[in-house]
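Before any comments, here is the structure.
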Amino acid sequence: MNPALPMTDLLFTAAKVAFAVFGVGLNIAGLLGWVERKQSAVMQDRIGANRASIFGIKILGLFHPIADAIKMLTKEDFVPKGATKGLHALAPMISLGCAMFCLAALPYGGVIEHGGRLWDLQPIALPMGVPLVLATLAFGVHGIVMAGYASGSNYGLLGALRGAAQMIAYEVCLASSLAGILFVYGTLDFSEAVLWQARHGVWGIVVQPLAFILFLTAGAAVTKRTPFDLPEGESEIVGYHVEYSGMKFGMFLMTDFFESIVICGIITALFLGGWTIPFLELNTMGILGGVLMVHSFVGKMLLLLFLLMQIRWTLPRFRFDQLLDLGWKNVLPLSLINFLVTAWVVYLWR
Amino acid sequence: MAITVKAVERPKRTFATEIYLVEVWKGLALTFRHLFVNLFRHTMTALRIGGYKAGAVTIQYPDDPAVLGKRARTRHRLLKRDDGAPRCTACLLCETICPAKCIRITAENAPDPKIEKRAKTFDIDLGMCVFCGYCVEACPVDAIHMDANQVELSSYDRQAMIWSMPELLGDAGKGLPKT
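Protein chains in written order, with the numbering used here: chain A, 208 to 557; chain B, 1256 to 1434.
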């Protein structure tokens, strides 16, 4: 095996990160704007946005995300008088940046062999992948709190406080619901977890169905979308981004989509077998295997996003006390019990 | 009559509702059913295969014509007698009952001795009209109806919102500005 040149490695890593953040992240997030409109419309017996056209071509309203982006970019970037300017500008960047970073640490594929060397398709491959992603995802709440604080608006601050309380409640559940399955896998590395599932020929959802449900619930809460959209609460307080306009608001909007993608990516990697396809040895199939890995991973992710979107348009918003009850009194104890039972079973099994 | 109280029984919170999951799944089943049925119908419509209902109830109004109910109250219309003269006897009942005060009538003597008066002018300011239909109810001679089935009445000019008697009778066309 040739010793890989550092320059090639660097370029390959940059390409992988660019693919993850721009190829997967921005494209799917843009598409989700369209899916959100159309899926909700179809399930409510409506048609949905279908007017944006380029030279009379409409293709089911697919140009609406582009129209959105153009509108966001050309809108006045308004900063209110009482706002703390620096923090006001920094907040959306922190929010979006954290979500973007998480995308780069997901395992889009495993290790394939091509041209006499091994290529790892995971953009940022770390032995501490899972806690890193969870921590970065949790760090995103700083952006929200900062936005609410810097806006100089009571409604923004209310939204930010709700956001902070919700994040604390659900980040704990997020990590603790994963504790059991990570205990089974015996690793904190995404690709190791995927390989465990491939080796044992069983998906994590079968091993830990309760953890899957709990993580999905906590994950939906982390994305700050209905039924957990308390920090935004469009109909009561507009939320932490009430004083934002233009692309800064757009960045908060994108953050929700990015976080949805990240949550779905984590679920795919840990519960749905990641990039594996049953009965196929993708590692030994060279370039084709790599392409199939990425497609398999992104495909599973899209299915989960479809489910999350359906949940978002089916359930009404929780009341604040119900939200905290669900987090602290139901999801957290259940996930801890799940972890303890798993620990005992694994101990007795060996 | 004594006041009666109807006790509304709270829905029972069973274990199934307490853990949310069953109820969430019921809700999802409903929305998923709608989603897939509508997607199927949309596909059939797009493929021009008939025999299926439309996937959406949306009426794309400016492209498709507006659908008005049979009893919809639309633009006013003044009716004529058999001999072509307006039925209105300028009794001012409609002007009196109008809550929006959008009707202005000036009366004059009618040439027919059996009819006391007739309207000289009869203006309705549709910019003020609330389409309550009281004028139709009040009219003793059935001279005014709200069944012209015209709802696109907007104008860039307040003056153009006032309809005069010939226009309401249908004798003169209203030059509505084209949008």
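Yeah, the Cβ is synthetic: ideal placement off N, Cα and C, and Gly gets one too.
**OP:** Please classify Thr-1259(B): is it buried, with 16 or more other beta-carbons within 10 angstroms of its beta-carbon, or exposed?
**Re:** exposed
Original post:
Fully enclosed by the region 1260 to 1319 of chain B, which alpha helix (DSSP H) runs are 4 residues long or longer?
Top reply: 1270 to 1273 and 1276 to 1301
Subject >> Rounded Cβ spacing between Arg-369(A) and Phe-525(A) (contact assumed at less than 8 angstroms) >> reply: Going by Cβ atoms, the distance from Arg-369(A) to Phe-525(A) rounds to 11 angstroms, so no, they are not a contact pair.
Subject >> alpha helix (DSSP H) runs contained entirely in the region 282 to 343 of chain A, provided each spans 4 or more residues >> reply: 292 to 311
**OP:** Kindly list, in the order they appear in chain A, the residues whose Cβ is closer than 7 angstroms to that of Gly-1282(B).
**Re:** Thr-521 and Leu-522
**OP:** Kindly say whether Phe-1295(B), judged by its beta-carbon, lies nearer than 8 angstroms to any beta-carbon of chain A.
**Re:** Not closer than 8 angstroms to any Cβ of chain A, the Cβ of Phe-1295(B) fails to qualify, so no.
Subject >> Between the CA atoms of Thr-343(A) and Phe-308(A) - distance to the nearest angstrom >> reply: 8 angstroms
Original post:
Looking at the structure shown, is Glu-1371(B) part of a helix, part of a strand, or coil, going by DSSP?
Top reply: coil
Subject >> Element boundaries [beta strand (DSSP E), containing Thr-1361(B)] >> reply: 1358 to 1364
Subject >> Span separating the alpha-carbon of Ser-542(A) from that of Ile-420(A) >> reply: Rounded to the nearest angstrom, the gap between the Cα atoms of Ser-542(A) and Ile-420(A) is 10 angstroms.
Original post:
Using 8 angstroms as the limit for Cβ to Cβ distance, is Val-1230(B) near chain A?
Top reply: As shown, chain B starts at 1256 and ends at 1434. That puts residue 1230(B) outside it, with no answer to give.
**OP:** Taking only beta-carbon positions, decide if Thr-1351(B) is within less than 8 angstroms of chain A.
**Re:** no
**OP:** Verify whether the separation of the beta carbon atoms of Gly-347(A) and Ser-302(A) is less than 8 angstroms.
**Re:** With contacts defined by Cβ atoms closer than 8 angstroms, Gly-347(A) and Ser-302(A) form a contacting pair.
Subject >> Whole-angstrom distance between Arg-1303(B) and Thr-1269(B), CA atom to CA atom >> reply: Approximately 48 angstroms, taken between the alpha carbons.
**OP:** Could you give the DSSP three-state label for Phe-262(A): helix, strand or coil?
**Re:** Here Phe-262(A) sits in coil by DSSP.
Subject >> Candidates Gly-359(A), Val-414(A) and Met-516(A): closest to Thr-430(A) by CA position >> reply: Met-516(A)
Subject >> Integer-rounded CB distance, given that Gly-426(A) should sit under 8 angstroms from Ile-558(A) >> reply: Residue coverage of chain A in this structure runs from 208 to 557, which leaves residue 558(A) outside it and unanswerable.
Original post:
Is the Cβ-Cβ distance between Leu-1423(B) and Arg-1332(B) less than 8 angstroms?
Top reply: yes
**OP:** Assign Ile-1379(B) to one of two classes, buried (16 or more other C-beta atoms within 10 Å of its C-beta) or exposed (fewer than that).
**Re:** buried
Subject >> At least three beta-carbon pairs within less than 8 angstroms, the region 451 to 458 of chain A to the region 293 to 302 of chain A >> reply: yes
Subject >> Where Val-548(A) meets chain B, residues with beta-carbon distance less than 7 angstroms >> reply: The premise fails here: Val-548(A) is roughly 18 angstroms from chain B at the closest Cβ pair, so nothing lies under 7 angstroms.
Original post:
Can you list, in chain order, the residues of the region 424 to 440 of chain A whose Cβ is nearer than 7 angstroms to any Cβ on chain B?
Top reply: none
**OP:** For chain A, find out if any of its Cβ atoms is closer than 8 angstroms to the Cβ of His-1400(B); answer yes or no.
**Re:** no
Original post:
Can you find a CB in chain A that lies within less than 8 angstroms of the CB of Thr-1434(B)?
Top reply: Here the model assigns Thr-1434(B) a pLDDT of 41, short of 50, so the residue's position is not dependable and the matter cannot be decided.
**OP:** Taking only the alpha-carbon atoms, compute the straight-line gap between Val-1391(B) and Arg-253(A) and give it to the nearest angstrom.
**Re:** 36 angstroms
Subject >> Status (buried if at least 16 other CB within 10 Å, exposed otherwise) for Gly-268(A) >> reply: buried
**OP:** Compare the beta carbon distance of Leu-497(A) and Leu-313(A) with 8 angstroms and say whether it is the shorter of the two.
**Re:** According to the sequence shown, residue 497(A) is Gly rather than Leu. No. Outside cutoff.
Original post:
So, is Asp-204(A) buried or exposed, given that buried needs 16 or more other C-beta atoms within 10 angstroms?
Top reply: An answer regarding residue 204(A) cannot be provided, because it is not within the stretch 208 to 557 covered by chain A.
Original post:
Who are the neighbours of Asp-252(A) on chain B, taking C-beta pairs under 7 angstroms?
Top reply: His-1289, Asn-1293, Ala-1311 and Val-1312
Original post:
What's the gap between the Cα of Asp-1435(B) and the Cα of Val-249(A)?
Top reply: Summary: the structure shown does not reach residue 1435(B), with chain B confined to residues 1256 through 1434, and so no result is reported for it.
Original post:
Apart from the five residues just before and just after Ser-503(A), which ones in its own chain have a Cβ nearer than 6 angstroms to its Cβ?
Top reply: Trp-482 and Ile-484
Original post:
Asp-1319(B) to Thr-1313(B), Cα distance in whole Å?
Top reply: Going from the Cα of Asp-1319(B) to the Cα of Thr-1313(B) covers about 10 angstroms.
Subject >> Same chain, Cβ closer than 7 angstroms to Pro-1395(B), neighbours up to 5 away in sequence not counted >> reply: Cys-1346 and Leu-1348
Original post:
Whose C-beta lies closer than 7 angstroms to the C-beta of Asp-216(A) among residues of the same chain, with five residues either side of it excluded?
Top reply: none
**OP:** Express the C-alpha separation of Gly-232(A) and His-1297(B) in angstroms, rounding to a whole number.
**Re:** For His-1297(B) and Gly-232(A), the gap between their C-alpha atoms comes out near 29 angstroms.
**OP:** In the DSSP assignment, find the alpha helix (DSSP H) that holds Cys-471(A) and state where it starts and stops.
**Re:** Cys-471(A) -> alpha helix (DSSP H) spans 453 to 478.
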